[in-house]
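For the sequence shown, my numbering begins at 690 and goes up steadily by one. Note that CB positions come from ideal geometry on N, CA and C, so glycine has one too. Take a look at the structure below.
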Amino acid sequence: MSSSACWRRVRNLEDAGVIDRYAVIVNPRKAGFALSSMVNVSLARHEQANVDEFIREVMRHPEVLECFATTGEADFHLRVVVRDIDAYNSFLDDFIFRLPGVSQVRSNIILKEIKADTALPFDTKGDRAGGRTKE
């Protein structure tokens, strides 16, 4: 495929919203962020004002790299990266514990990253779907 044809395909994917954005993957530890945690947050009541404020405040905190609204035991799952345990304690005390409606917070400190892919499981050969062999 020529470079101009390739560029047109990429541009079409961008225009269609399939390509959302471009990013550089930075190693957190080498950048000085030694502590990563998965934080499970449950709200006492699902009052819309509390949910809206929680989301608004999460969006303002750069140490929250990802936030997912989920089903199950917790309402939200956050991936948080900070410099050390003191910074994490401040994050909890000064932010999470002060939010209205938060009833429970469970932290899981990440000891070791096993897999952290960002690529979707597309198969370029077309003989597999979603990473599974067609039967």
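Within the continuous alpha helix (DSSP H) that includes A694, where are the two ends? S692 to D704
Helix, strand or coil for V713 per DSSP? In the structure shown, the three-state DSSP call for V713 is coil.
So for I668, helix, strand or coil by DSSP? Residue coverage of the chain in this structure runs from 690 to 824, which leaves residue 668 outside it and unanswerable.
What are the boundary residues of the beta strand (DSSP E) that includes F765? F765 to V771
Run of the beta strand (DSSP E) containing V730, from where it starts to where it stops: Start and end: L724 to L732.
Using 8 Å for Cβ pairs, my map puts A723 next to D773. What's the rounded Cβ distance? 6 Å
Could you say if the segment 797 to 809 and the segment 733 to 749 meet the contact criterion of at least three C-beta pairs nearer than 8 Å? The segment 797 to 809 is not in contact with the segment 733 to 749.
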